[in-house]
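Below: one structure, written as structure tokens.
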Amino acid sequence: MRRRERLCVELAGMRPDWEAWCVRRGVTAGDGVRQLITAALDAEESGSVAAVRTAMQPNAVDEPRTRIEVRLARSELEAVDKRAAAAGLSSNRWIVALIRAQLTREPQLGQIEMRLLSDSNQQLAAVSRWLAPLARDVAAGPSTPDREPNIGAVRQQIDAHLRAVAAVIRANLDRWSR
Numbered sequence: 089m090r091r092r093e094r095l096c097v098e099l100a101g102m103r104p105d106w107e108a109w110c111v112r113r114g115v116t117a118g119d120g121v122r123q124l125i126t127a128a129l130d131a132e133e134s135g136s137v138a139a140v141r142t143a144m145q146p147n148a149v150d151e152p153r154t155r156i157e158v159r160l161a162r163s164e165l166e167a168v169d170k171r172a173a174a175a176g177l178s179s180n181r182w183i184v185a186l187i188r189a190q191l192t193r194e195p196q197l198g199q200i201e202m203r204l205l206s207d208s209n210q211q212l213a214a215v216s217r218w219l220a221p222l223a224r225d226v227a228a229g230p231s232t233p234d235r236e237p238n239i240g241a242v243r244q245q246i247d248a249h250l251r252a253v254a255a256v257i258r259a260n261l262d263r264w265s266r
């Protein structure tokens with residue numbers, strides 16, 4: 089005997105609020121329920137999201153891409169175009185970034201974010217270069233406890249940040265390269 093996969097729930101006075109919640113998110117009532125159930129189950133079983141993530145092959149630069157077709161309402165396409173332009177991406181790349189972010193739970197950076205990260209790295213590199221002679225001066229001469237900040241630790245943190253941001257930029261460039 090086949091088991092039905094349907095769930096019926098009495099919402100009582102919550103129905104208008106539920107419908108408004110779904111409209112704000114652009115989903116049907118059924119899709120909204122499925123999303124909430126999936127989120128609840130994923131939160132309880134932390135291994136399920138990790139299993140999906142590890143099942144995905146990392147995107148290789150030379151890996152061929154497969155074309156799919158997505159049909160959107162005119163208003164949806166206009167919204168996608170606006171959001172893509174705001175992120176500095178084409179509509180197609182924005183949709184791909186959205187899918188990849190959902191699948192990998194990793195940041196998908198647009199041109200604006202890439203520029204900001206690059207600027208941040210340049211500024212931190214300048215600070216790091218400034219700290220090097222200061223650290224040598226402190227190490228070479230006598231210093232008082234109030235004049236002796238832990239410059240080495242600060243420099244290590246900055247260097248770690250530089251490496252992490254450079255890795256994000258490199259990974260993002262590899263992800264978008266064709």
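Note that the numbering used here gives residue 209 to position 121 of the sequence shown, counting from 1, and the numbers run on in steps of one. Glycine included, C-beta positions come from ideal geometry on N, C-alpha and C. Bear in mind that the values here come from a model prediction, so they are computed numbers and not experimental data.
Tell me whether Q196 sits in a helix, a strand or coil according to DSSP, three-state version.
Taking the first residue of the sequence shown as 1, we reach residue 196 at position 108. Three-state result, Q196: coil.
How would you call A167, buried or exposed, if buried means at least 16 neighbouring beta carbons within 10 angstroms?
For the purposes of this step, residue 167 is taken as residue 79 along the sequence shown, with counting starting at 1. Per the 10 Å Cβ criterion, exposed.
Which word fits A252, buried or exposed, when buried means at least 16 other C-beta atoms lie within 10 angstroms of its C-beta?
Start at 1 with the first residue of the sequence shown, and residue 252 comes out as number 164. Exposed: under 16 other Cβ atoms inside 10 Å.
Tell me the DSSP secondary structure of T154 in three-state form.
Taking the first residue of the sequence shown as 1, we reach residue 154 at position 66. Three-state DSSP puts T154 in coil, outside helix and strand.
With a CB to CB cut of under 7 angstroms and the five nearest residues on each side skipped, what residues in its chain are close to I257?
As a position in the sequence shown, residue 257 is number 169, starting the count at 1. Excluding sequence neighbours, I257 sits near M202, L205, S206.
Could you say which of L212, Q244, R122, L160 lies nearest to A223 if we only look at CA atoms?
Within the sequence shown, the letter at position 135 stands for residue 223. Of the listed residues, the one whose Cα sits closest to A223 is Q244.
As a quick exercise: from V97, R171, Q190, I187, pick the residue whose alpha carbon is nearest that of Q199.
In the sequence shown, residue 199 corresponds to position 111, counting from 1. Nearest option by C-alpha distance: R171.
Residue range of the unbroken alpha helix (DSSP H) whose run includes L165
In the sequence shown, counting from the first residue as 1, residue 165 sits at position 77. Here the alpha helix (DSSP H) through L165 covers 162 to 175.
Can you tell me whether DSSP reads S216 as helix, strand or coil?
As a position in the sequence shown, residue 216 is number 128, starting the count at 1. Residue state, collapsed to three classes: helix.
Reducing DSSP to helix, strand and coil, say where L99 ends up.
Taking the first residue of the sequence shown as 1, we reach residue 99 at position 11. Reduced to three states, the DSSP call for L99 is coil.
Please classify L129: is it buried, with 16 or more other beta-carbons within 10 angstroms of its beta-carbon, or exposed?
As a first step, residue 129 is located in the sequence shown; it is residue number 41 there, counting from the start. It is exposed - the Cβ of L129 has fewer than 16 other Cβ atoms within 10 Å.
Given this structure, state the Cα-to-Cα distance separating G176 from H249, to the nearest angstrom.
On the sequence shown, position 88 is the one that residue 176 refers to. On the sequence shown, position 161 is the one that residue 249 refers to. Cα to Cα, the separation comes out at about 25 angstroms.
From A174, L160, N180, residue whose alpha carbon lies closest to that of T154
Translated into the one-based positions of the sequence shown, residue 154 becomes position 66. It is N180 whose Cα lies nearest to the Cα of T154.
Measure the C-alpha to C-alpha separation of V242 and Q211 and round it to an integer number of angstroms.
What you label residue 242 is simply residue 154 of the sequence shown in a count that begins at 1. What you label residue 211 is simply residue 123 of the sequence shown in a count that begins at 1. Cα-Cα distance, rounded: 15 angstroms.
Verify whether the separation of the beta carbon atoms of A100 and C110 is less than 8 angstroms.
By 1-based counting over the sequence shown, the position of residue 100 is 12. By 1-based counting over the sequence shown, the position of residue 110 is 22. It is not a contact, given that the beta carbons lie outside the stated cut-off.
Between A161 and G114, what straight-line distance do the alpha-carbon atoms span, to the nearest angstrom?
Within the sequence shown, the letter at position 73 stands for residue 161. Within the sequence shown, the letter at position 26 stands for residue 114. Those two C-alpha atoms are separated by around 12 angstroms.
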